[in-house]
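For the record, the sequence lines run as chains A and B.
Using this note's numbering, you'd call the opening residue of the first sequence number 43 and step up by one each time.
Using this note's numbering, you'd call the opening residue of the second sequence number 412 and step up by one each time.
Take a look at the structure set out below.
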Amino acid sequence: MKEISRYLFVAKLICKERVVGLDDSERDQLDTWRGESDKRERIFSSLQNINVDELENRYEGIDVDRKWNNFKDLQSRKKRRVRMSVSVAASVCLLITGALWLWIKPSEDERVVLAEQGKQNNVSLVLANGETVDISNPQKGKVKLDQGAKLYEGKRLEYTRADSLRERELEYNELIVPKGTFYHLVLSDGTKVWLNADSRIKYPVSFGKGKREVSLHGEGFFEVSKDTARPFIVSTDRMDVKVLGTTFDINTYEDEGMSYVVLVEGLVEVFAGKGESRIITPGDIAKVNMHDVRAGIQVSKCDVEHYTAWKEGNFSFRNASLTEILKRVSRYYDVTIIREQMFEEEYYTGDLSRDVSLESLLSVIESSTSVSFKVERKIVYVQKKRD
Amino acid sequence: MVREREEYIKFSDGKVLVFEHFFKENFPKFNAFTSRFIDDPYVREDIVQEAFIVVWSKYLKTFDSEVTLQAFMYRTLRNKCLDYIRHEKIKERYSSEHSGEHETNDYLMQSIIDEESRFLIHKAIKTLTPQVQIVIKLHLEGKKNKEIAEEMGITETTVKFHKSVAYRELYKSLEHLLLLVAVVK
Numbered sequence: 043m044k045e046i047s048r049y050l051f052v053a054k055l056i057c058k059e060r061v062v063g064l065d066d067s068e069r070d071q072l073d074t075w076r077g078e079s080d081k082r083e084r085i086f087s088s089l090q091n092i093n094v095d096e097l098e099n100r101y102e103g104i105d106v107d108r109k110w111n112n113f114k115d116l117q118s119r120k121k122r123r124v125r126m127s128v129s130v131a132a133s134v135c136l137l138i139t140g141a142l143w144l145w146i147k148p149s150e151d152e153r154v155v156l157a158e159q160g161k162q163n164n165v166s167l168v169l170a171n172g173e174t175v176d177i178s179n180p181q182k183g184k185v186k187l188d189q190g191a192k193l194y195e196g197k198r199l200e201y202t203r204a205d206s207l208r209e210r211e212l213e214y215n216e217l218i219v220p221k222g223t224f225y226h227l228v229l230s231d232g233t234k235v236w237l238n239a240d241s242r243i244k245y246p247v248s249f250g251k252g253k254r255e256v257s258l259h260g261e262g263f264f265e266v267s268k269d270t271a272r273p274f275i276v277s278t279d280r281m282d283v284k285v286l287g288t289t290f291d292i293n294t295y296e297d298e299g300m301s302y303v304v305l306v307e308g309l310v311e312v313f314a315g316k317g318e319s320r321i322i323t324p325g326d327i328a329k330v331n332m333h334d335v336r337a338g339i340q341v342s343k344c345d346v347e348h349y350t351a352w353k354e355g356n357f358s359f360r361n362a363s364l365t366e367i368l369k370r371v372s373r374y375y376d377v378t379i380i381r382e383q384m385f386e387e388e389y390y391t392g393d394l395s396r397d398v399s400l401e402s403l404l405s406v407i408e409s410s411t412s413v414s415f416k417v418e419r420k421i422v423y424v425q426k427k428r429d
Numbered sequence: 412m413v414r415e416r417e418e419y420i421k422f423s424d425g426k427v428l429v430f431e432h433f434f435k436e437n438f439p440k441f442n443a444f445t446s447r448f449i450d451d452p453y454v455r456e457d458i459v460q461e462a463f464i465v466v467w468s469k470y471l472k473t474f475d476s477e478v479t480l481q482a483f484m485y486r487t488l489r490n491k492c493l494d495y496i497r498h499e500k501i502k503e504r505y506s507s508e509h510s511g512e513h514e515t516n517d518y519l520m521q522s523i524i525d526e527e528s529r530f531l532i533h534k535a536i537k538t539l540t541p542q543v544q545i546v547i548k549l550h551l552e553g554k555k556n557k558e559i560a561e562e563m564g565i566t567e568t569t570v571k572f573h574k575s576v577a578y579r580e581l582y583k584s585l586e587h588l589l590l591l592v593a594v595v596k
C-alpha cells in the first residue's frame with residue numbers, strides 16, 4: 043500500500059509539472075524518482091505529449107449518476123438479503139477445516155489405509171489448569187469446568203462469564219471433538235461455533251478488551267457476535283481470518299493440501315504466507331496452498347451452499363475424487379478405510395443427507411462407482427467391482 | 412441489528428469525504444484503470460462496483476487519508492482484475508498474451524502513475540473556461556504560443572493572456588493537490 047501511495051505522489055508531481063510547472067524541491071524529487079530506472083523514465087516521457095481530446099473520451103463518456111444508482115440498488119438488495127439471513131443477531135459464520143491427508147503413492151494391489159478410525163471417541167475439554175475432562179455425557183454437577191462454563195444435553199457447551207475489559211492474562215480452554223460426532227459451542231462474547239468431527243478449538247474462557255482470537259484445527263462453522271472494537275480472528279496453521287464485518291459467512295477449509303475461506307455475507311480479511319492479506323467479498327473463496335509456502339492467496343467466485351452443506355447435515359460433493367469422498371466418510375462415521383486394490387480415481391458430484399446410515403451411504407456410492415465395499419467392525423474395505 | 416450505512420468516509424485525521432462524491436468523481440478513472448487489464452466493459456463495471464462496495468462497508472478499518480483510500484481502491488481493483496484473468500485462463504478463454512506482464516509490479520506502477528496523472532490533468536483542465544481550455548490543450552500537445560495563435564485565429568498576446576489566466580486558475584485548483592503531496596512525504 044505504501045508503494046501505491048508513492049505512485050500517487052509521483053502522479054501528482056507529474057500532473058503539476060505538466061500543467062503549471064514545479065518548484066525547485068518538487069523538481070528535485072521528480073528527477074530523483076525518474077533517475078532510478080529506465081522504466082520510470084519511460085513512464086514519465088510517455089506523459090509528455092498528452093492529447094486532451096483523448097482524456098475527454100477516457101473520462102467523460104460515463105454516466106456517473108446512473109452508475110451511482112446502480113450502486114445504490116446493489117447496496118439495498120444486499121442489505122435486504124442481510125436482514126433476512128441474519129435472524130440470529132448480527133453474526134458471522136466461519137467454517138474451518140484442517141485435516142491434512144498424506145497420500146503416499148502405493149504400488150498396485152497393496153493394502154492401503156486411506157483413513158483411520160479416531161483414536162478416542164469421547165469429547166474432551168482441556169481446562170485452564172491443564173487438566174483434561176470428558177464431557178461426552180453431561181450429568182449435572184459431575185464434571186468440573188472452569189468458572190462461567192456450562193454443559194447442556196445435546197452436545198452443547200456455553201461460556202457465560204462476561205468479558206473483562208480490563209487488561210489481564212487470558213485463561214484458555216480447548217475443546218476436542220473426535221471423529222463421528224459434532225459439537226456446539228457458545229463463547230463468552232456470544233459467538234457460536236459448530237465444530238465438525240475430528241476438530242479442536244482453543245479459546246479464552248472469557249475474552250479481554252483487545253481482539254478476540256481463537257485457534258482452530260479441523261472444521262468449524264462460526265457465527266461471530268458483532269463487535270467492531272474487538273475484531274474476531276481465527277488462526278489456523280497456514281492462514282488467519284480476520285472478521286471485518288458482521289452479516290456474512292466465512293468458511294475456511296483445509297483439505298487435500300488446500301486451506302480455504304468461503305464468504306457468504308459481509309467482509310473478511312485473509313492473511314497468509316509472508317504478510318500477504320486479501321479482503322474478500324461475498325461469494326468469494328480464498329484459497330491457500332498448504333505445501334507451497336510462497337504461494338499466495340487465490341481468490342475466485344464459488345458456490346457457497348456447497349461449502350456450507352455439512353453444517354445442515356448434508357454431504358455435498360463437486361467433482362470430488364473417490365478418495366476424498368471416502369476420507370470424509372471416515373471422518374463423519376468414525377471408521378477406518380482400507381483400500382484393498384488400486385482403483386482408478388473417479389470424480390463425483392452430488393448431494394446426500396448425512397442422516398443416512400453408513401451402510402446405505404456406502405451402497406449409494408457403490409451404485410455409481412467402480413468400487414464395492416465390505417464393512418467389518420468399524421473398518422470399510424474398498425475393492426474393485428468384479429465384472 | 413443492521414445499522415444504516417454511513418454516507419461519509421472518515422479519515423483518521425478527522426477529515427470526512429462524502430461517499431457519493433468520491434464515487435461519482437472517481438468512477439470514470441477506476442473504470443479506465445481496469446481497461447488496462449480487462450477488455451470486457453461489463454466485467455469491468457462489475458469489478459469497479461464491487462471495489463466500491465468493499466470501501467463502502469463501514470466495517471472496514473478507517474483510512475488514514477484520501478491517499479490511502481485511493482491506494483486501497485487501486486490495489487483492490489488490480490487484485491480483482493488479476494483474479495478474473497486467472498479464472499478465465501483456467502477456462503482457457505484467454506490467450507497467452509494476457510499472461511505474465513499484467514502481474515508484475517512494474518505494470519502496476521506504470522498503470523497507476525499513468526492513469527492518475529492523466530486523470531489529474533483532465534480534472535484540472537476541466538475547471539477552466541472553454542476558450543482557455545483550448546489554449547492549454549494545444550500547449551499540452553507541445554505547441555508553441557505562435558502555433559496556438561495561428562490555430563485559434565487569435566494574437567500571440569491573447570494566447571499569453573489566456574495562459575496567465577489558466578495558470579492562476581490551475582494553481583488554485585492544484586493547491587489542495589499539493590497539500591496532499593505534503594502529507595505523503
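We treat Cβ as the ideally placed atom computed from N, Cα and C, and that holds for glycine.
Quick caveat, the model's predicted, so the values are computed rather than measured.
Notebook entry, point to check: According to DSSP, is residue 421(A) helix, strand or coil?
Noted result: Your numbering for residue 421(A) matches position 379 in the first sequence. Three-state DSSP puts residue 421(A) in a strand.
Item checked: Neighbour flag for residue 443(B) against chain A, beta carbons, 8 Å -> The residue labelled residue 443(B) in the question sits at position 32 within the second sequence. Yes, contact with chain A.
Notebook entry, point to check: If you measure from the beta carbon of residue 375(A) to each beta carbon in chain B, is any gap under 8 Å?
Noted result: Translated into the one-based positions of the first sequence, residue 375(A) becomes position 333. For residue 375(A), the answer is no, since every Cβ of chain B falls outside 8 Å of its Cβ.
Item checked: Given residue 405(A) as reference, the closest of 326(A), 223(A), 228(A) and 424(A) once Cα atoms are compared -> The residue labelled residue 405(A) in the question sits at position 363 within the first sequence. Residue 424(A) is the option with its Cα nearest to residue 405(A).
Item checked: Sequence-distant residues of the same chain with beta carbon closer than 8 Å to residue 386(A), five excluded per side -> Counting from one through the first sequence, the residue named residue 386(A) turns up at place 344. Here the set comprises 412.
Note to self: Quick check: the Cα distance between residue 59(A) and residue 306(A), rounded to an integer number of angstroms?
What the structure shows: Locating residue 59(A) in the first sequence gives position 17, where the first residue counts as 1. Locating residue 306(A) in the first sequence gives position 264, where the first residue counts as 1. Answer to the nearest angstrom: the Cα atoms are 47 Å apart.
Checklist line | Within 8 Å, strictly: CB atoms of residue 339(A) and residue 486(B) | finding: Within the first sequence, residue 339(A) is the residue found at index 297, counting from 1. Within the second sequence, residue 486(B) is the residue found at index 75, counting from 1. Result no, Cβ atoms of residue 339(A) and residue 486(B) do not sit closer than 8 Å.
Note to self: Would you call the stretch 82-95 of chain A in contact with the stretch 544-552 of chain B, where contact means no fewer than 3 C-beta pairs closer than 8 Å?
What the structure shows: yes
Next item on the list: Label residue 397(A) either buried or exposed according to how many other C-beta atoms from any shown protein chain fall within 10 Å of its C-beta, with 16 as the threshold for buried.
Entry: Numbered from its first residue, the first sequence carries residue 397(A) at position 355. Exposed, because fewer than 16 other Cβ atoms sit within 10 Å of the Cβ of residue 397(A).
Notebook entry, point to check: Whose CA, out of 460(B), 448(B) and 447(B), lies closest to the CA of residue 431(B)?
Noted result: Translated into positions along the second sequence, residue 431(B) becomes position 20. That would be 460(B), whose Cα lies nearest to the Cα of residue 431(B).
Next item on the list: Using only alpha-carbon positions, find the residue among 218(A), 364(A) and 196(A) that is nearest to residue 176(A).
Entry: Here residue 176(A) refers to the residue found at position 134 when the first sequence is read from its first residue. Nearest of 218(A), 364(A) and 196(A) to residue 176(A), Cα basis: 218(A).
Note to self: Comparing C-alpha positions only, which one of 363(A), 274(A) and 225(A) sits nearest to residue 391(A)?
What the structure shows: For the purposes of this step, residue 391(A) is taken as the residue at position 349 of the first sequence. If we check each option's Cα against that of residue 391(A), 363(A) comes out closest.
Check: What is the DSSP secondary structure of residue 391(A), reduced to helix, strand or coil?
Finding: In the first sequence, the residue the question calls residue 391(A) occupies position 349. Strand at residue 391(A).
Next item on the list: Assign residue 482(B) to buried or exposed, taking buried as 16 or more other Cβ atoms, counted over all protein chains shown, within 10 Å of its Cβ.
Entry: Here the question's residue 482(B) lines up with position 71 in the second sequence. Under this definition residue 482(B) is a buried residue.
Checklist line | residue 435(B), DSSP secondary structure in three states | finding: The residue you call residue 435(B) lines up with position 24 of the second sequence. Here residue 435(B) sits in helix by DSSP.
Check: Would you call residue 202(A) buried or exposed, if buried means 16 or more other Cβ atoms sit within 10 Å of its Cβ?
Finding: As a position in the first sequence, residue 202(A) is number 160, starting the count at 1. Exposed, because fewer than 16 other Cβ atoms sit within 10 Å of the Cβ of residue 202(A).
Notebook entry, point to check: Name the chain B residues whose beta carbon is nearer than 8 Å to that of residue 92(A)?
Noted result: Counting from one through the first sequence, the residue named residue 92(A) turns up at place 50. Chain B residues near residue 92(A): 529, 532, 551 and 552.
Next item on the list: Drop a sphere of 10 angstroms on the beta-carbon of residue 376(A), count the other beta-carbons inside from all chains shown, and report buried for 16 or more, exposed for fewer.
Entry: Within the first sequence, the letter at position 334 stands for residue 376(A). With 16 or more Cβ atoms within 10 Å of its Cβ, residue 376(A) is classed as buried.
Item checked: Neighbourhood of residue 213(A) by C-beta distance below 6 Å, restricted to the same chain and skipping five residues each side -> Position 171 of the first sequence holds residue 213(A). Closer than 6 Å at Cβ, skipping near neighbours: 170 and 247.
Item checked: Residue range of the unbroken alpha helix (DSSP H) whose run includes residue 239(A) -> As a working mapping, residue 239(A) is identified with position 197 in the first sequence. Looking at the DSSP string, residue 239(A) is not in any alpha helix (DSSP H), and its letter there is neither H nor E.
Margin query: Against chain B, with Cβ distances strictly below 8 Å, would residue 272(A) count as a contact?
Written below: The residue given as residue 272(A) occupies position 230 in the first sequence. Cβ-Cβ to chain B under 8 Å: no for residue 272(A).
Check: For residue 271(A), does the count of other Cβ atoms within 10 angstroms reach 16, so buried, or fall short, so exposed?
Finding: On the first sequence, position 229 is the one that residue 271(A) refers to. It counts as exposed.
Note to self: If the criterion is Cβ atoms closer than 8 Å, does the pair residue 380(A) and residue 321(A) meet it?
What the structure shows: Here residue 380(A) is taken as the residue at index 338 of the first sequence, counted from 1. Here residue 321(A) is taken as the residue at index 279 of the first sequence, counted from 1. Going by C-beta atoms, residue 380(A) is not nearer than 8 Å to residue 321(A).
Note to self: Quick check on this structure: which residue in 384(A), 417(A), 61(A) and 419(A) has the alpha carbon closest to the alpha carbon of residue 574(B)?
What the structure shows: Residue mapping note: residue 574(B) aligns to position 163 of the second sequence, counting from 1. Nearest option by C-alpha distance: 61(A).
Check: Nearest to residue 520(B) by alpha carbon, out of 204(A), 216(A) and 53(A)?
Finding: For this step, residue 520(B) is matched to residue 109 along the second sequence. Comparing Cα-Cα distances from residue 520(B) to each of 204(A), 216(A) and 53(A), the minimum goes to 53(A).
Margin query: Taking the alpha carbon of residue 5(A) as the reference point, which residue from 51(A), 372(A) and 401(A) has its own alpha carbon closest?
Written below: Summary: the structure shown does not reach residue 5(A), with chain A confined to residues 43 through 429, and so no result is reported for it.
Item checked: Where residue 157(A) falls, given that 16 or more other Cβ within 10 Å makes a residue buried -> Here residue 157(A) refers to the residue found at position 115 when the first sequence is read from its first residue. The residue is buried, with at least 16 neighbouring Cβ atoms inside 10 Å.
Note to self: Counting only C-beta atoms, is residue 110(A) closer than 8 Å to chain B at any point?
What the structure shows: To locate residue 110(A), count along the first sequence from 1; it is residue 68. With 8 Å as the cut-off, residue 110(A) counts as an interface residue toward chain B.
Checklist line | Collapsed DSSP secondary structure at residue 273(A) in the structure displayed | finding: Indexing the first sequence from 1 puts residue 273(A) at position 231. Of the three classes helix, strand and coil, the one that applies to residue 273(A) here is coil, per DSSP.
Next item on the list: Let me know if residue 189(A) comes out buried or exposed under the rule of 16 or more other beta-carbons within 10 Å of its beta-carbon.
Entry: Start at 1 with the first residue of the first sequence, and residue 189(A) comes out as number 147. With fewer than 16 other Cβ atoms within 10 Å, it is exposed.
Notebook entry, point to check: Rounded C-beta distance between residue 264(A) and residue 228(A)? I'm assuming under 8 Å.
Noted result: Here residue 264(A) is taken as the residue at index 222 of the first sequence, counted from 1. Here residue 228(A) is taken as the residue at index 186 of the first sequence, counted from 1. Actually they do not touch by this definition, with Cβ atoms about 11 Å apart.
Notebook entry, point to check: Is the CB-CB distance between residue 570(B) and residue 546(B) below 8 Å?
Noted result: Numbered from 1 along the second sequence, position 159 holds the residue referred to as residue 570(B). Numbered from 1 along the second sequence, position 135 holds the residue referred to as residue 546(B). The answer is yes: Cβ separation under 8 Å.
Checklist line | Through-space distance from residue 345(A) to residue 100(A), alpha-carbon basis | finding: By one-based count along the first sequence, residue 100(A) stands at place 58. By one-based count along the first sequence, residue 345(A) stands at place 303. C-alpha separation (whole angstroms): 36 Å.
Checklist line | Minimum C-alpha distance to residue 349(A) - residue among 393(A), 384(A) and 310(A) | finding: Counting from one through the first sequence, the residue named residue 349(A) turns up at place 307. The shortest C-alpha separation from residue 349(A) is found at 393(A).
Check: Once you ignore the five residues that flank residue 584(B) on each side, which residues in its own chain have a CB closer than 6 Å to its CB?
Finding: Translated into the one-based positions of the second sequence, residue 584(B) becomes position 173. Around residue 584(B): 535 and 538.
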